[in-house]
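Anchor point for the sequence shown: position 31 equals 31 in UniProt numbering, and the numbering is continuous, going up by one each time.
Ideal Cβ placement from N, Cα and C applies to all residues, glycine included.
Take a look at the structure set out below.
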Amino acid sequence: MVNCPNCGVLVEKDSKFCQECGTKIDNSDSNTQTDVSSDYEKK
1 MVNCPNCGVL
11 VEKDSKFCQE
21 CGTKIDNSDS
31 NTQTDVSSDY
41 EKK
């Protein structure tokens with residue numbers, strides 16, 4: 001079971017969407033998130 005990133009409800013690990021709020025569940029084994037904004041230099 002994993003927690004929905006939006007509402008926090010426990011959902012089955014193989015679920016594609018949260019049953020409670022409908023948010024897409026990321027089922028990848030990697031729990032890392034990339035902040036793409038840090039990859040760009042502000043001019």
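- Separation of Met1 and Cys18 (C-alpha to C-alpha, rounded to the nearest whole angstrom) is 11 Å.
- Close CB contacts of Cys7 within its chain, under the 8 Å cut and outside five residues either way in sequence, are with Cys18, Glu20, Cys21, Thr23 (chain order).
- In the three-state reduction of the DSSP assignment, Val9 falls in the coil class.
- Under the three-state reduction of DSSP output, Asn3 falls in the strand class.
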